Structure formats: C-alpha cells, structure tokens
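> Please read through the structure below; I'll follow up with questions.
Numbering (the working numbering), first residue to last: 350 to 657.
What follows is the structure, encoded as structure tokens:
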C-alpha cells in the first residue's frame, strides 16, 4: 500500500553563492591558520581553488534561492505550507532575530509555517529533509520548501580542521503534486560522543558513519551496491575520499571535486549543492539510486534517494 509520503518527490533545486569570489591567499595569515587547524597536511591536496563570500545579509541570498525554487514550476507562495531552514550551529548567532521574517516577507511566503533546524552542524539540512517528508502525513500539506544556508563573516573562522568554509544557500521543494526528480527512501543520523568533545578518532568516525548509512539503507530497502552516485561533504579531498571508503563507499562514486574546487566547503549545504551540480552536468535518472552523505564533528547522516 502506497503511503502519502511515498508519493512525495523532491526537486526544483537552487543554489545561490556568495557574490564575491576569493582565493585562500586573500585570508590574512592563511598558511599559519591552516597549519594550526590541520597539522601535517598540505593545503595543495585540499582541492579548493576559490571560495565565496556574501556582501549582503544572508536573508537576501536565502530569498533569492527560494524564488528560484518556486519559479521552476510557478508555485504560488500560498501553496507552500512550510519553510524549513537549516543552518550549521555557528551560523545561528550571525542571522539576527528577524532573519526568518525577512525571508518570508521578501518571498511572499507569509502564510507558510517556518522552522529553523540546527544542532547537527553540517548534517542539519538532512534533518530538515527528513522532517519535511514527515510533514506530508498531514493530507493538507502539498508543498514544503527546504533552505540550507551557511555564511562565515570572520575570515579567520573560515579555516577549520580539514575545511575552508564558503558562503552559500541551497534550496529545494518537496511536493505531493508537482513533478520532482527524486524521492527520499530512507534517512538516518547518528551521534559520535567522542566527536562532540573533540576526541573523535578514525574508529569512532567510521563507526558512526557506518551506523547512519546502514540504517538509511535498511529503511530504503536498497543495498550499497545499488548506489549510482554519492553527494558528500566538501572537506579536505583525501579525508573525504578516505572517510567514504572507511564507510564502505566506493570513492569513484563520489561527486564533489568540481564544487570543492570552485566553492570550498559550504557547510550543511554541500550535499545539496553537489546533487544539483550532478543534476546539471549528468542528470538525475529514473530508477537510479543516490546517496546524500553528510559528516561533521560528532555527527554523521545519510539519506537514500531514488530517481523518479
């Protein structure tokens, strides 16, 4: 028997990047900062050539992404019952108290019910995706927008362990009635207690990644070998590849190197940016299975998607 959630598709992907393109050398004392955050690693192997910074308030970029998402199928603002914002924890203090109101009024989504989801660092947007799907248990829900965002005002804070943070917003639409391109088959997130206090290890990261992936696959009814392409977090390229292999993922199935080169690490928006990039370059095909896989200190999350 098909449930209401089984009929929900995901599509209308949009990406809006900070309008200023920069290089790592633009950050004062970049080499010293990198050595302090990622000792004994060569930034040249990172795979990142440029990153983006925002010159306007984050709300302006979030509104622009939402407009793109709604425009693809001419979705009237009144049809969108919920808008789910997702942000990495550090971003919360920079948004300001009127962020949500500013975005809703700028896009005409003043009848939508907003929620801001965080607490899982760069895995927060996958939590928003799962929550969005659950909202369709209400038969009156027809459209839900998901907006992931990350922005770092302080350049020095962009340089973190195995990462160079960039500014971006990505969005998509979950819909019961409008044509989408993938369905969410299963998702899961797990917490690494050691990672929460900065004492994670290869073993603890591997354990939490495999646990989240195993649960998502089991709920989806798919196997790891069914996966066509994987959309990961844009971290230091050798770390991203090694972490994927440790979780049992074929590194050849990862799609992230081009976006990493152009944009760096866009926080909890990475997997969605990578999916949208793959869609633009190759296309999301009916019958194929995809994996969104996000990682952060203390967390791992996976979502299995099927092309429709």
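Glycine included, C-beta positions come from ideal geometry on N, C-alpha and C. Keep in mind the model is a prediction, meaning the values are calculated, not measured.
1) If you compare alpha carbons, which of 420, 409 and 498 is closest to residue 438?
2) So, using beta-carbon positions, are residue 580 and residue 604 closer together than 8 Å?
3) Taking 8 Å as the threshold (C-beta atoms), are residue 622 and residue 608 in contact?
4) Apart from the five residues on each side of it in sequence, which residues of its chain come closer than 6 Å, Cβ to Cβ, to residue 417?
5) Give the straight-line distance between the Cα atoms of residue 465 and residue 561, rounded to the nearest whole angstrom.
6) Please work out which residues of its chain come closer than 8 Å, Cβ to Cβ, to residue 382, disregarding the five sequence neighbours upstream and downstream, and give them in chain order.
7) With 16 other CB atoms within 10 Å as the buried threshold, where does residue 424 fall?
8) Starting from residue 606 and walking both ways along the alpha helix (DSSP H), at which residues does that stretch end?
9) Is the beta carbon of residue 547 closer than 8 Å to that of residue 646?
10) Do you know offhand how far residue 350's Cα is from residue 519's?
11) For residue 454, is the classification buried or exposed, using 16 other Cβ atoms within 10 angstroms of its Cβ as the cut-off for buried?
12) For residue 419, which of 458, 570 and 368 has the nearest alpha-carbon?
13) I need the boundaries of the beta strand (DSSP E) containing residue 651, first residue and last residue.
14) Between which residues of its own chain and residue 552 is the CB-CB distance below 8 Å, once the five residues before and five after are set aside?
15) CA-CA distance, residue 474 and residue 449?
16) Based on Cα-Cα distance, which residue from 440, 535 and 556 lies nearest to residue 541?
17) Kindly identify the DSSP beta-bridge partner or partners of residue 564.
18) Which of the three DSSP states is assigned to residue 463 in this structure?
19) Just verifying my parser: in three-state terms, what is the DSSP assignment at residue 447?
20) In whole angstroms, give me the CA-to-CA distance for residue 718 and residue 500.
21) Looking at residue 657: is its Cβ nearer than 8 Å to the Cβ of residue 565?
By the coordinates alone:
1) On the chain shown, residue 438 is found 89 positions in, with the first residue counted as 1. Checking every option, the nearest Cα to that of residue 438 belongs to 498.
2) Indexing the chain shown from 1 puts residue 580 at position 231. Indexing the chain shown from 1 puts residue 604 at position 255. For the 8 Å CB-CB criterion, residue 580 and residue 604 form a contact.
3) The count along the chain shown starts at 1 and reaches residue 608 at position 259. The count along the chain shown starts at 1 and reaches residue 622 at position 273. Yes.
4) Start at 1 with the first residue of the chain shown, and residue 417 comes out as number 68. Around residue 417: 363.
5) Counted from its first residue, the chain shown places residue 465 at position 116. Counted from its first residue, the chain shown places residue 561 at position 212. Cα to Cα, the separation comes out at about 23 Å.
6) On the chain shown, residue 382 is found 33 positions in, with the first residue counted as 1. Only 376, 505 and 508 meet the Cβ criterion.
7) As a position in the chain shown, residue 424 is number 75, starting the count at 1. Flag for residue 424 reads buried.
8) Against the chain shown, residue 606 aligns to sequence position 257. Unbroken alpha helix (DSSP H) run through residue 606: 606 to 612.
9) By 1-based counting over the chain shown, the position of residue 646 is 297. By 1-based counting over the chain shown, the position of residue 547 is 198. A contact, by the Cβ cut-off of 8 Å.
10) Counting from one through the chain shown, the residue named residue 350 turns up at place 1. Counting from one through the chain shown, the residue named residue 519 turns up at place 170. Interpretation of residue 350 is limited by its pLDDT of 39, a score under 50 that renders its predicted location unreliable; the figure taken from the coordinates is listed afterwards. Approximately 33 Å, taken between the alpha carbons.
11) Residue mapping note: residue 454 aligns to position 105 of the chain shown, counting from 1. With fewer than 16 other Cβ atoms within 10 Å, it is exposed.
12) As a working note, residue 419 is residue 70 in the chain shown. If we check each option's Cα against that of residue 419, 458 comes out closest.
13) By 1-based counting over the chain shown, the position of residue 651 is 302. Looking at the DSSP string, the run of the beta strand (DSSP E) that includes residue 651 is 648 to 656.
14) Residue 552 sits at position 203 when you count from the first residue of the chain shown. Nothing listed; no residue qualifies.
15) Your numbering for residue 474 matches position 125 in the chain shown. Your numbering for residue 449 matches position 100 in the chain shown. Per the coordinates, the alpha-carbon of residue 474 lies some 16 Å from the alpha-carbon of residue 449.
16) As a first step, residue 541 is located in the chain shown; it is residue number 192 there, counting from the start. Out of 440, 535 and 556, 556 has the C-alpha closest to the C-alpha of residue 541.
17) Start at 1 with the first residue of the chain shown, and residue 564 comes out as number 215. None, per the DSSP bridge assignment.
18) Here residue 463 corresponds to residue number 114 of the chain shown, with the count starting at 1. Of the three classes helix, strand and coil, the one that applies to residue 463 here is strand, per DSSP.
19) By one-based count along the chain shown, residue 447 stands at place 98. Note: residue 447 maps to coil in three-state DSSP.
20) What the structure shows of the chain is the stretch from 350 to 657, and residue 718 is not part of that stretch, so it cannot be assessed.
21) Taking the first residue of the chain shown as position 1, residue 657 is located at position 308. Taking the first residue of the chain shown as position 1, residue 565 is located at position 216. No; because the gap between Cβ atoms is not below 8 Å, this pair is not in contact.
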